[in-house]
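Colleague: Before I ask anything, here is the structure I am working with.
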Amino acid sequence: MPKIGDIQLPDFPLLLAPMEDVSDPPFRALCKEQGADVVYTEFISSEGLIRDAAKSVMKLDIYEKERPVGIQIFGANLDSMLQSVEIVEKSGPDIIDINFGCPVKKVVSKGAGAGILKDIDLMVSLTKAMVEHTKLPITVKTRLGWDSDSIKIVEVAERLQDVGCKAISIHGRTRVQMYKGEADWRPIAEVKNNQRMHIPVFGNGDVDTPEMAMKMRDEYGLDGAMIGRASIGYPWFFKEVKHYFKTGTHAAPPTMEERVQAARRHLQMAIDWKGEQLGVFETRRHYTNYFKGIPNFKEYRMKMVTSDHSVDVFEAFDEVMEKFGDFEFVS
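In terms of our numbering, the sequence shown has 439 at position 232, counting the first letter as 1, and numbering is strictly consecutive.
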């Protein structure tokens, strides 16, 4: 069974991916309850941390019930990254993860995230310096390469391992692809099959059904799956994958009551953590998936995603329960 440093994980663990404005404490709590084995924070700017930017610092909030939990940081400046490690350590995470994979232009243009895939030597030297600067296990999340002509992920992963990286999560696309096309897991399997590799190799990208998770495990032989978009508005995905692994059958989908209760808790926890305005705004992206598959639902969804006040959103939840309470979802 895989280990990240001294952290023992179950066979083929499921990891919640770090996602901007998604994997915050409220959502991580829901995913943890539904079977996520490791959760990661939203990615945090090292420059924001050392400037004490409020939004960056707030993302350091972690809770005991989340463990093991990783805090993910990004940046391309060595001094800033090392200073940010010292700040992160004070929050007491189990893991520090380096983001070498974010494809967003505002991150890449600064040479951070996937931008560092153009300078593998810097990627390796940054990782080495951070490993030497902390006793916490350092892990890395990255992509296959900058573009299809520069995929050297087997060599890159080996070099990262050699400087002390304790696990690597690889998204099966290049930066140029962004999130388009299909993820290619074959190069990730090549990393895993490299006889010199002994750290866990986790796959990421297009794991959106239990069958795809099983394929990643059984056909590609990876050590675990990092789940991103499939979990947005659907924290039950983790439990459903584990049910499928155990039984070979699909679990019954959550009932309307379970969905409404989860949406209510999610919104209330978000408000408690980040305030009314942000709490209402940043949970909107989840509602489509919470209530996916219900016919003639547009009126209620629009109320959820356009209301600026939580009282109106909670009212919409009540209306949904009253009108669609007997609706049966199919897996």
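For every residue, glycine included, the Cβ atom is placed at its ideal position computed from N, Cα and C.
Below 8 angstroms on the Cβ atoms is my guess for Phe498 versus Arg466; work out the distance and round it to an integer in Å.
Modeller: Locating residue 498 in the sequence shown gives position 291, where the first residue counts as 1. Locating residue 466 in the sequence shown gives position 259, where the first residue counts as 1. Between Arg466 and Phe498 the Cβ distance is about 6 angstroms, and since that is below 8 angstroms, they are a contact.
Colleague: On the three-pair Cβ rule with 8 angstroms, is the segment 456-471 touching the segment 422-437?
Modeller: Counting Cβ pairs under 8 angstroms, fewer than three are found: no touch.
Colleague: According to DSSP, simplified to helix, strand and coil, what is Ala470?
Modeller: Residue numbering aside, residue 470 sits at position 263 when the sequence shown is read from its first letter. If DSSP states are grouped into helix, strand and coil, Ala470 belongs with the helices.
Colleague: Apply the 10 Å Cβ neighbour rule to Glu526 and answer buried if 16 or more other Cβ atoms are within range, or exposed otherwise.
Modeller: Translated into positions along the sequence shown, residue 526 becomes position 319. Label assigned to Glu526: exposed.
Colleague: Which stretch, first to last residue, makes up the alpha helix (DSSP H) that contains Gln154?
Modeller: For the chain, the structure presents residues 208 to 538; residue 154 sits outside this window and is missing.
Colleague: Would a C-beta distance cut-off of 7 angstroms place Pro209 and Pro407 closer than the cut-off?
Modeller: Against the sequence shown, residue 209 aligns to sequence position 2. Against the sequence shown, residue 407 aligns to sequence position 200. In this structure, Pro407 lies closer than 7 angstroms to Pro209 by Cβ.
Colleague: Which residues in the same chain as Ile305 place their Cβ atom closer than 6 angstroms to its Cβ, once the five residues preceding and following it in sequence are excluded?
Modeller: Residue 305 sits at position 98 when you count from the first residue of the sequence shown. Excluding residues within five positions, the ones whose Cβ falls inside 6 angstroms are Val347.
Colleague: Scan the segment 227-253 and note each continuous alpha helix (DSSP H) run of 4 residues or more that stays entirely inside, going in chain order.
Modeller: DSSP runs (the alpha helix (DSSP H)) wholly in the segment 227-253: 232-240.
Colleague: From Lys312 to Met265, what does the alpha carbon distance come to, in whole angstroms?
Modeller: The residue you call residue 312 lines up with position 105 of the sequence shown. The residue you call residue 265 lines up with position 58 of the sequence shown. Approximately 23 angstroms between the Cα atoms of the pair.
Colleague: If Glu273 and Lys297 are in contact, beta carbons under 8 angstroms, what's the gap, nearest whole angstrom?
Modeller: As a working mapping, residue 273 is identified with position 66 in the sequence shown. As a working mapping, residue 297 is identified with position 90 in the sequence shown. Not really, about 17 angstroms apart at Cβ, beyond 8 angstroms.
Colleague: Given a cut-off of 7 angstroms on the beta-carbon distance, is the pair Ala364 and Ile375 in contact?
Modeller: What you label residue 364 is simply residue 157 of the sequence shown in a count that begins at 1. What you label residue 375 is simply residue 168 of the sequence shown in a count that begins at 1. Yes, the pair counts as a contact, with Cβ atoms nearer than the cut-off.
Colleague: Taking the C-alpha atoms as reference points, what is the distance between Thr248 and Met463?
Modeller: Position 41 of the sequence shown holds residue 248. Position 256 of the sequence shown holds residue 463. Near 28 angstroms, if we compare the C-alpha coordinates of Met463 and Thr248.
Colleague: Report the three-state DSSP secondary structure of Ile377 (helix, strand or coil).
Modeller: Against the sequence shown, residue 377 aligns to sequence position 170. In this structure, Ile377 counts as strand in the three-state DSSP scheme.
Colleague: Can you have a look at Ala355 and say buried or exposed, based on whether 16 or more other CB atoms are within 10 angstroms of its CB?
Modeller: As a first step, residue 355 must be located in the sequence shown, where it is residue number 148. Residue 355 is actually Ser in this sequence, not Ala. Burial call: exposed.
Colleague: Helix, strand or coil: how does DSSP classify Ile305 here?
Modeller: Against the sequence shown, residue 305 aligns to sequence position 98. Residue state, collapsed to three classes: strand.
Colleague: May I ask which residues mark the beginning and end of the beta strand (DSSP E) holding Asn411?
Modeller: As a first step, residue 411 is located in the sequence shown; it is residue number 204 there, counting from the start. Here the beta strand (DSSP E) through Asn411 covers 408-411.
Colleague: Using a Cβ-Cβ cut-off of 7 angstroms (strictly less than) and excluding sequence neighbours within five positions of Cys602, which residues of its own chain qualify?
Modeller: The requested residue 602 does not occur in the structure, where the chain is confined to residues 208 to 538.
Colleague: In angstroms with no decimal places, state the Cα-to-Cα distance between Ser517 and Met511.
Modeller: For this step, residue 517 is matched to residue 310 along the sequence shown. For this step, residue 511 is matched to residue 304 along the sequence shown. Ser517 and Met511: Cα-Cα distance of roughly 9 angstroms.
Colleague: Less than 7 angstroms separating the beta-carbons of Ala336 and Leu285?
Modeller: Taking the sequence shown and counting its residues from 1, the one referred to as residue 336 is at position 129. Taking the sequence shown and counting its residues from 1, the one referred to as residue 285 is at position 78. Yes.
Colleague: DSSP three-state call for Phe219: helix, strand or coil?
Modeller: Start at 1 with the first residue of the sequence shown, and residue 219 comes out as number 12. Phe219 falls in the coil class under three-state DSSP.
Colleague: Leaving aside the five residues before and after His493 along the sequence, list all residues of the same chain whose C-beta is less than 7 angstroms from its C-beta, in chain order.
Modeller: Locating residue 493 in the sequence shown gives position 286, counting from the first residue. Cβ neighbours of His493 beyond the five flanking positions: Ile439, Gly440, His473.
Colleague: Below 6 angstroms CB to CB, which residues in the same chain sit around Ile314 once its five sequence neighbours on both sides are set aside?
Modeller: Sequence index remark: in the sequence shown, residue 314 carries index 107 (1-based). Residue 314 is actually Val in this sequence, not Ile. Taken in chain order, the residues that qualify are Gly320.
Colleague: Tell me which residue opens and which closes the beta strand (DSSP E) that Ala432 is part of.
Modeller: Position 225 of the sequence shown, counted from the first residue, corresponds to residue 432. Segment 431-434, the beta strand (DSSP E) holding Ala432.
Colleague: Have a look at Val245 and Leu221 and give me their C-alpha separation to the nearest angstrom.
Modeller: As a first step, residue 245 must be located in the sequence shown, where it is residue number 38. As a first step, residue 221 must be located in the sequence shown, where it is residue number 14. The straight-line gap from Cα to Cα measures roughly 7 angstroms.
Colleague: Report the residue from Glu362, Gln384, Trp392, Gly500 whose alpha carbon sits nearest the alpha carbon of Met179.
Modeller: Since the first residue shown for the chain is 208 and the last is 538, residue 179 is missing from the structure and cannot be characterised.
Colleague: Let me make sure I understand the geometry here. Which of Leu267, Phe307, Asp301 has the alpha-carbon closest to that of Leu333?
Modeller: Within the sequence shown, numbered from 1, the residue matching residue 333 stands at position 126. The option with the nearest alpha carbon to Leu333 is Phe307.
Colleague: What is the C-beta distance between Ile269 and Pro225, in whole angstroms, given that I count them as a contact (C-beta under 8 angstroms)?
Modeller: Residue 269 sits at position 62 when you count from the first residue of the sequence shown. Residue 225 sits at position 18 when you count from the first residue of the sequence shown. Contact doesn't hold; Cβ gap of about 13 angstroms is too wide.
Colleague: For Phe488, name the three-state secondary structure that DSSP assigns.
Modeller: Walking along the sequence shown from the start, residue 488 turns up at place 281. The answer is helix: DSSP assigns Phe488 an H, G or I state.
Colleague: Given this structure, state the Cα-to-Cα distance separating Ser253 from Leu329, to the nearest angstrom.
Modeller: As a first step, residue 253 must be located in the sequence shown, where it is residue number 46. As a first step, residue 329 must be located in the sequence shown, where it is residue number 122. Cα to Cα, Ser253 sits roughly 16 angstroms from Leu329.
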